[in-house]
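Asks: Got a structure for you, written out below as structure tokens; questions coming shortly.
In the working numbering, the protein residues as written are 445 to 625.
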């Protein structure tokens with residue numbers, strides 16, 4: 445589950461993803477729309493489970509009118525994934541906790557590693573990088589002006605993602621506006 449990023453920030457992030465993909469010849473980061481992860485992945489067994497996840501996401505979404513996002517540079521996970529860091533604000537932490545608590549009531553496997561206090565809020569730019577590709581991506585990131593990676597935005601929508609093609613691509617199954625309708 446991720447907060448969906450509106451234009452112009454969506455377009456700016458996608459442009460950076462495209463620049464990295466072109467330079468590294470690795471387009472894995474383009475397999476999902478730019479978003480800020482607020483609930484890590486877990487497996488479900490049926491369409492009914494997906495529907496229940498969407499309902500839970502919708503109930504939590506109603507509690508938040510919008511979520512401020514503070515992007516703070518570029519970091520990486522194990523030199524395999526490059527991402528934009530998002531400051532773990534109080535609203536982001538509360539939303540994550542609300543989603544996790546509600547989903548755990550229905551799905552025993554909803555909590556995955558690196559959640560709760562260990563959650564890293566982020567926007568993936570590139571993934572499945574080799575050492576050489578990581579070096580190229582890091583050079584691009586290091587050459588960016590500060591305002592390209594340090595900015596604030598506001599999320600107005602949240603999306604339920606589904607991994608397809610053996611989780612190599614991610615689509616948004618359900619898109620909800622934050623706040624009461």
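All C-beta atoms, glycine included, are put in the ideal place defined by N, C-alpha and C.
Please confirm whether any heavy atom of the ligand ZN lies closer than 6 Å to the CB of residue 457.
Replies: Of ligands this structure carries none, so the ligand ZN is not represented either.
Asks: Closer than 8 Å by C-beta to residue 457: which residues in its own chain qualify, once you throw out the five before and the five after it? Chain order, please.
Replies: The residue given as residue 457 occupies position 13 in the chain shown. Answer for residue 457: 449, 478, 528, 567, 569, listed in chain order.
Asks: Are the stretch 491-498 and the stretch 585-600 touching, with three or more C-beta to C-beta distances below 8 Å?
Replies: Verdict: no, contact absent.
Asks: Take the Cβ of residue 604 as the centre, count every other Cβ of all protein chains shown within 10 Å, and call the residue buried at 16 or more, exposed below.
Replies: Numbered from its first residue, the chain shown carries residue 604 at position 160. Residue 604 comes out buried.
Asks: How many whole angstroms separate the CB atoms of residue 622 and residue 599, which I take to be in contact at a CB cut-off of 8 Å?
Replies: Position 178 of the chain shown, counted from the start, is the residue given in the question as residue 622. Position 155 of the chain shown, counted from the start, is the residue given in the question as residue 599. About 7 Å; that satisfies the 8 Å criterion.
Asks: Residue 579: which of 620, 510, 522 sits nearest, CA to CA?
Replies: Your numbering for residue 579 matches position 135 in the chain shown. With distances taken between Cα atoms, residue 579 lies closest to 522.
Asks: Please list the segments of the alpha helix (DSSP H) lying wholly inside the stretch 515-558, counting only runs of 4 or more residues, in order along the chain.
Replies: If we require 4 residues or more, the alpha helix (DSSP H) runs fully inside the stretch 515-558 come out as 534-550.
Asks: Rounded to a whole number of angstroms, what is the C-alpha to C-alpha distance between residue 588 and residue 446?
Replies: Taking the chain shown and counting its residues from 1, the one referred to as residue 588 is at position 144. Taking the chain shown and counting its residues from 1, the one referred to as residue 446 is at position 2. Rounded to the nearest angstrom, the two C-alpha atoms are 25 Å apart.
Asks: Is the Cβ-Cβ distance between residue 577 and residue 509 less than 7 Å?
Replies: Locating residue 577 in the chain shown gives position 133, where the first residue counts as 1. Locating residue 509 in the chain shown gives position 65, where the first residue counts as 1. For residue 577 and residue 509, no; Cβs fall outside 7 Å.
Asks: Between which two residues does the beta strand (DSSP E) containing residue 621 stretch?
Replies: Position 177 of the chain shown, counted from the first residue, corresponds to residue 621. 613-621 is the span of the beta strand (DSSP E), which, as asked, contains residue 621.
Asks: Could you give the first and the last residue of the continuous beta strand (DSSP E) run that contains residue 603?
Replies: Counted from its first residue, the chain shown places residue 603 at position 159. Per DSSP, residue 603 belongs to the beta strand (DSSP E) from 601-608.
Asks: Rounded to a whole number of angstroms, what is the C-alpha to C-alpha distance between residue 486 and residue 466?
Replies: Position 42 of the chain shown, counted from the first residue, corresponds to residue 486. Position 22 of the chain shown, counted from the first residue, corresponds to residue 466. Distance between the alpha carbons of residue 486 and residue 466: 31 Å.
Asks: Taking all protein chains shown into account, do 16 or more other C-beta atoms lie within 10 angstroms of the C-beta of residue 520, making it buried, or fewer, making it exposed?
Replies: Within the chain shown, the letter at position 76 stands for residue 520. Classification of residue 520: buried, given that the 10 Å Cβ count is 16 or more.
Asks: What are the start and end residues of the beta strand (DSSP E) that includes residue 570?
Replies: Here residue 570 corresponds to residue number 126 of the chain shown, with the count starting at 1. Residues 566-570.
Asks: Which stretch, first to last residue, makes up the alpha helix (DSSP H) that contains residue 462?
Replies: On the chain shown, residue 462 is found 18 positions in, with the first residue counted as 1. Its alpha helix (DSSP H) spans residues 453-468.
Asks: If you measure between the beta carbons of residue 546 and residue 500, is that distance less than 7 Å?
Replies: Here residue 546 refers to the residue found at position 102 when the chain shown is read from its first residue. Here residue 500 refers to the residue found at position 56 when the chain shown is read from its first residue. Yes, the Cβ-Cβ distance between residue 546 and residue 500 is below 7 Å.
Asks: Could you tell me if residue 518 is buried or exposed, where buried requires 16 or more neighbouring beta carbons within 10 angstroms of its beta carbon?
Replies: In the chain shown, counting from the first residue as 1, residue 518 sits at position 74. Classification of residue 518: buried, given that the 10 Å Cβ count is 16 or more.
Asks: Give the straight-line distance between the Cα atoms of residue 541 and residue 502, rounded to the nearest whole angstrom.
Replies: Within the chain shown, numbered from 1, the residue matching residue 541 stands at position 97. Within the chain shown, numbered from 1, the residue matching residue 502 stands at position 58. Going from the Cα of residue 541 to the Cα of residue 502 covers about 15 Å.
Asks: Count the other CB atoms, across all protein chains shown, that sit within 10 Å of the CB of residue 612; report buried if there are 16 or more and exposed otherwise.
Replies: Locating residue 612 in the chain shown gives position 168, counting from the first residue. Exposed, because fewer than 16 other Cβ atoms sit within 10 Å of the Cβ of residue 612.
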